[in-house]
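K.L.:
Before anything else, here's the structure in question.
Protein chains: 2
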Amino acid sequence: MTEPSGPASKKTVPVKGDERGRITINDIARLAGVSKKTVSRVLNDHPLVNEETRKHIKLIMVEHDYHPDPQARALALRRSFLVGLAYDNPSPQYVVNMQRGILDRFEGTDYQLVLHPVDRAAPDHLTRLRRFVESHRPSGIIMPPSVSEDEAIADLLRELDCHYIRIASLDLDTPQVMVRTHDAMGAAQAARHLASLGHTLMAHIHGPNSFRSSHERMSGFQEGLAEFGISLRPDLTFEAGYTYETGARAANQLLSGPVRPTAIFAGNDEMAIGVYSAARNAGLSIPGDLSIVGFDDTPMAARIAPGLTTVRLPIRDMGREAADAILKLVNGQNSPSNKSFQPEIIIRDSTARPKQV
Amino acid sequence: MTEPSGPASKKTVPVKGDERGRITINDIARLAGVSKKTVSRVLNDHPLVNEETRKHIKLIMVEHDYHPDPQARALALRRSFLVGLAYDNPSPQYVVNMQRGILDRFEGTDYQLVLHPVDRAAPDHLTRLRRFVESHRPSGIIMPPSVSEDEAIADLLRELDCHYIRIASLDLDTPQVMVRTHDAMGAAQAARHLASLGHTLMAHIHGPNSFRSSHERMSGFQEGLAEFGISLRPDLTFEAGYTYETGARAANQLLSGPVRPTAIFAGNDEMAIGVYSAARNAGLSIPGDLSIVGFDDTPMAARIAPGLTTVRLPIRDMGREAADAILKLVNGQNSPSNKSFQPEIIIRDSTARPKQV
DNA sequence: ACGGCTTAGGAAACCGGTGTCATAGCTATT
DNA sequence: AATAGCTATGACACCGGTTTCCTAAGCCGT
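Line by line, the protein sequences give chains X and R. Per my numbering, residue 11 is the first one in the first sequence, and the count goes up by one each step. Per my numbering, residue 11 is the first one in the second sequence, and the count goes up by one each step.
Put into structure tokens, the structure is as follows:
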């Protein structure tokens, strides 16, 4: 045996008809009676091609169902048709919706989404990202929070001259390369909802201080309350880890404290569900004794009893927009799209007027 | 401006230092004083290379942190370093865990995971898959259920001479190209658990008949019951859609029927949560009046009250194994790994002895 | 000393596209 | 008329690897 041969490579003589094997740009060129360079120009929408010629070539391409080889283009263009998703969000719901949105936009294009989970706790995560970019030369990288908030990562990508889009809840240095979420606005809606129900003594359990979204949501909540002349008491704000367990722990502590609020705004649904558990432990009924608002509108919010009032961020739409922005960057349209997406409060059964109004 | 030029292509004279721009196989060859073909042989572990030469070249590669360009190899080898995940499972939890498992295995390799959601209801889904495979030439495709159960898809991949691994709960035609899940075994455990608690009148809500897993789980449940001399009554088995809503609907119907079971085994957790909702509607307490068992061990199972007894399949492990199998296939090791993974029953608070024992 | 076999390595074509540069045919300007 | 400038196209090298084919050296038996 010579070098190990592929499993079913039958050594098909490529001569003979133009069938037998994939058709290439050479085939199209021959069929159209032009050079491959002209076909290449048509492929890339180069302006200097006669309209007649262009139509003729396009027709032939369609007739033969020709699609250029992305690998070859990648090699020649020194840029692949791969877009990386660099993420570290622990919520499956979030990740999957983001993926769906991106894939929505890529549908019908030649672009593919490749996954690159980032573990920012690992010392070599920057090296791994660098290797990924250097070797696979993705056309771009999409970063949802909290990867998007990491300046070291953004610096690296800039150094590597790699397009990227950051999805974040605040304005970040590099303009025009981000999709804006309005976490603060959503949190403000939660505040207004609770305040207008008559709550005045409210607690807040927020995510880790290292996440910008934690701050955004908290300050948005405060702003919303301020409209009603209410201020958030520091002794009623707790930091947790955006997880069920930490949310439950914080709520247990909170509910066994000296001051008992009539409502709790949790920084995400996971923690809100943790609050449910703590409320059960404390013998409190929801929403009778305690109103609860979450953030994210995970599927669980609708399924749990009582249904959780929460804030929905259009994650899928944001993914779609981010993908669109990457495509525009790749095509050199540096349009300052910088879109932002409005959150929406979903009112279910976990919020009601406080008892002693 | 001529054709849009790459951002930083300064026409760097490649002579001079070996820095300035990525280093290629030619650089390594020059530095080692051999031809590029010899370097290529080292890269591919070709046997006919002198041990001295090989070591020398490898050393140089490490020193200069050389990594061959995947795009170029893809072009030459007519095979990329991309592995596709063709999936249609609606559960984010499932999808994310599968992705994690696969990525676990790819870590440290040059392989990347690209997503290819499949909508088998769309008339062109086969065309889209074909286009993906033909144009990107993935090294392989991993298919979890229920895509894995689609023979048309498997036929297509075989026709395209594309490696694939199917993850499925039953033996499928092509041997040695699958990872086996044991849904039936898990369902049998659920049956034994309920039967040994003393239940004798049990209902089953299963997934769509078009999913093999529905049948596997049902027949496994029946086998488990049979060990206790119990048989599943046909009038107490319902088909639903693996979703919360359909599960709730089936349970409502079931609980308002003439025969009231003391336990319900739902084909997945989503439907089991739907049963919770129906039980609340019917004023039944869980597990006092009704025991419930689910399947999947989604995060929700642990968070809902009362905690849902359910069957856990090691999805992440299965993903890892599938990725491993793909790698073996690519490397020509046609080892009949055909591994299978044991399910595990997680007992929480939704199951108890029936009231009137 | 010669042919045959095995081992080690190189030259050049190739994978399927793209960039650079040259060129032919026009029209517009001087 | 000659020059300049634009349009439309092609020849050819190139991207960074792999493959095919070939050569040269070393060892063996006769």
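Every residue, glycine too, gets a C-beta built ideally from N, C-alpha and C.
Could you list the residues in the stretch 73-91 of chain X with a C-beta less than 7 Å from some C-beta on chain R, going in chain order?
P.N.:
His77, Asp79, Pro80, Gln81, Ala82, Ala84, Leu85, Arg88, Ser90
K.L.:
Can you tell me whether proline 154(X) is buried or exposed? The criterion is at least 16 other CB atoms within 10 Å of its CB, across all chains shown.
P.N.:
Classification of proline 154(X): buried, given that the 10 Å Cβ count is 16 or more.
K.L.:
Using a Cβ-Cβ cutoff of less than 6 Å, which residues in the same chain neighbour asparagine 107(X) once the five nearest sequence positions on both sides are dropped?
P.N.:
Ile325, Arg326
K.L.:
Which residues in the same chain as serine 229(X) place their Cβ atom closer than 7 Å to its Cβ, once the five residues preceding and following it in sequence are excluded?
P.N.:
Ala194
K.L.:
Under a Cβ-count criterion, where at least 16 other Cβ atoms within 10 Å of its own Cβ denotes burial, should serine 206(R) be classed as buried or exposed?
P.N.:
By the 10 Å Cβ count, serine 206(R) comes out exposed.
K.L.:
Quick one: using the 10 Å Cβ neighbour count with 16 as the cut-off for buried, is isoleucine 357(X) buried or exposed?
P.N.:
With fewer than 16 Cβ atoms within 10 Å of its Cβ, isoleucine 357(X) is classed as exposed.
K.L.:
Tell me whether valine 93(X) is buried or exposed, calling it buried when 16 or more other Cβ atoms sit within 10 Å of its Cβ.
P.N.:
Its Cβ being crowded by 16 or more others within 10 Å, valine 93(X) is buried.
K.L.:
I think serine 360(X) touches isoleucine 296(X), with their Cβ atoms under 8 Å apart; what is that distance to the nearest whole Å?
P.N.:
5 Å
K.L.:
Can you check the stretch 128-189 of chain R for any alpha helix (DSSP H) of at least 4 residues that lies completely inside it and give the ranges in chain order?
P.N.:
135-146, 161-169
K.L.:
Using Cβ-Cβ distances below 8 Å, what residues of the stretch 187-204 of chain X are close to chain R?
P.N.:
none
K.L.:
Using a Cβ-Cβ distance cut-off of 8 Å, determine whether arginine 3(X) contacts chain R.
P.N.:
A question about residue 3(X) goes unanswered here, because the residues of chain X that appear run from 11 up to 367.
K.L.:
So with CB distances below 7 Å, who are the chain R contacts of histidine 146(X)?
P.N.:
The contacting residues are Pro80, Gln122.
K.L.:
Quickly, what does DSSP pair tyrosine 97(X) with across the bridge? List them, please.
P.N.:
Pro127(X)
K.L.:
With distances taken between CB atoms, is the gap from valine 52(X) to arginine 40(X) smaller than 8 Å?
P.N.:
no
K.L.:
Using 10 angstroms around the beta-carbon of arginine 243(R), count the other beta-carbons present and answer buried if the total reaches 16, otherwise exposed.
P.N.:
exposed
K.L.:
Within the chosen definition, does the stretch 79-96 of chain R reach the stretch 306-313 of chain R through at least 3 CB pairs nearer than 8 Å?
P.N.:
no
K.L.:
Using the Cα positions of histidine 77(X) and methionine 71(X), report the straight-line distance between them to the nearest angstrom.
P.N.:
8 Å
K.L.:
Report the three-state DSSP secondary structure of alanine 332(X) (helix, strand or coil).
P.N.:
For alanine 332(X), the three-state secondary structure derived from DSSP is helix.
K.L.:
Can you grab the Cα-Cα spacing for the pair glycine 317(X) / isoleucine 274(X), in whole Å?
P.N.:
So the two alpha carbons sit approximately 15 Å from each other.
K.L.:
Would you kindly check if the distance between the Cβ of threonine 272(X) and the Cβ of leucine 235(X) is under 8 Å?
P.N.:
no
K.L.:
Are the C-beta atoms of alanine 315(R) and some chain X residue less than 8 Å apart?
P.N.:
yes
K.L.:
Would you identify the three-state DSSP class for phenylalanine 116(R), choosing helix, strand or coil?
P.N.:
helix
K.L.:
For alanine 201(X), count neighbouring C-beta atoms within 10 Å of its own C-beta (all shown protein chains included) and say buried if the count is 16 or more, exposed if not.
P.N.:
buried
K.L.:
Which residue wins for smallest C-alpha separation from serine 223(X), given the options Asp160(X), Gly118(X), Gly43(X), Leu166(X)?
P.N.:
Asp160(X)
K.L.:
For alanine 198(R) and glycine 277(R), what's the separation of their Cα atoms in angstroms?
P.N.:
12 Å
K.L.:
Which word fits serine 156(R), buried or exposed, when buried means at least 16 other C-beta atoms lie within 10 angstroms of its C-beta?
P.N.:
buried
K.L.:
Leaving out the 5 sequence neighbours to the left and right, which residues in its chain are closer than 8 Å to leucine 264(X) when beta-carbon positions are compared?
P.N.:
Around leucine 264(X): Ala213, Ile215, Leu246, Phe248, Pro271, Ile274, Ala288.
K.L.:
Confirm, please, whether the CB-CB distance from valine 340(R) to serine 149(R) is below 8 Å.
P.N.:
With a cutoff of 8 Å on beta-carbon distance, serine 149(R) and valine 340(R) are scored as near each other.
K.L.:
So, helix, strand or coil for isoleucine 355(X), using DSSP?
P.N.:
Note: isoleucine 355(X) maps to strand in three-state DSSP.
K.L.:
Straight-line CA distance for proline 218(R) to serine 158(R)?
P.N.:
Taking the straight line joining both Cα atoms gives about 16 Å.
K.L.:
Here's the rule I'm using: 16 or more other beta-carbon atoms within 10 Å means buried, otherwise exposed. How should aspartate 129(R) be labelled?
P.N.:
The residue in question, aspartate 129(R), is exposed, as its Cβ has fewer than 16 Cβ neighbours within 10 Å.
K.L.:
Assign isoleucine 67(X) to one of three DSSP states: helix, strand, or coil.
P.N.:
Helix at isoleucine 67(X).
K.L.:
Does any residue of chain X have a CB that is nearer than 8 Å to the CB of methionine 153(R)?
P.N.:
It does not; no Cβ of chain X falls within 8 Å.
K.L.:
Sort Gly251(R), Gly257(R), Leu204(R), Tyr252(R) by Cα distance to serine 241(R) and report the nearest one.
P.N.:
Leu204(R)
K.L.:
Is there at least one Cβ from chain X nearer than 8 Å to glutamine 343(R)'s Cβ?
P.N.:
no
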